[in-house]
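In terms of my numbering, the sequence shown opens at residue 237 and continues consecutively.
Even glycine gets a Cβ: it sits at the ideal position worked out from N, Cα and C.
Keep in mind that this is a model prediction, so the values were computed, not measured.
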Amino acid sequence: MTKQERLAHKQRMDAIRQESIRIVSTGICPQCGTELRRNSSIAGWWQCDCYGMDQFRKPENRGKPSCSFQCFTE
Ligand SMILES: [Zn+2]
Numbered sequence: 237m238t239k240q241e242r243l244a245h246k247q248r249m250d251a252i253r254q255e256s257i258r259i260v261s262t263g264i265c266p267q268c269g270t271e272l273r274r275n276s277s278i279a280g281w282w283q284c285d286c287y288g289m290d291q292f293r294k295p296e297n298r299g300k301p302s303c304s305f306q307c308f309t310e
């Protein structure tokens, strides 16, 4: 990678992280409108509460279609 390519890559990653931070600050999944929750297994990992199996969701979100939204803020 050239220096310029590395810089362009860093700028893209920064832009993605800034967008993730903006989304997390709203607390709402941009794909389905459900609230986001933090996954404590990795720092800065946020997921839609409808991500994954019902048993890990808040009771009010059980039975909703699953959503694949997740992002990283760190
Ligand atoms: Zn969602």
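Assuming residue i contacts residue j (C-beta within less than 8 Å), just tell me the rounded distance between them.
| i | j | result |
| --- | --- | --- |
| residue 265 | residue 305 | 5 Å |
| residue 286 | residue 301 | 7 Å |
Could you check the C-alpha separation between residue i and residue j for me, to the nearest Å?
| i | j | result |
| --- | --- | --- |
| residue 263 | residue 277 | 19 Å |
| residue 243 | residue 249 | 10 Å |
| residue 253 | residue 292 | 26 Å |
| residue 267 | residue 245 | 26 Å |
| residue 261 | residue 281 | 13 Å |
| residue 256 | residue 269 | 15 Å |
Can you check which of these residues, the options, is closest to residue i by C-alpha distance?
| i | options | result |
| --- | --- | --- |
| residue 296 | 260, 271 and 244 | 271 |
Determine which residues share a DSSP beta bridge with residue i and list them.
| i | result |
| --- | --- |
| residue 273 | 283 |
| residue 307 | 282 |
| residue 264 | 271 |
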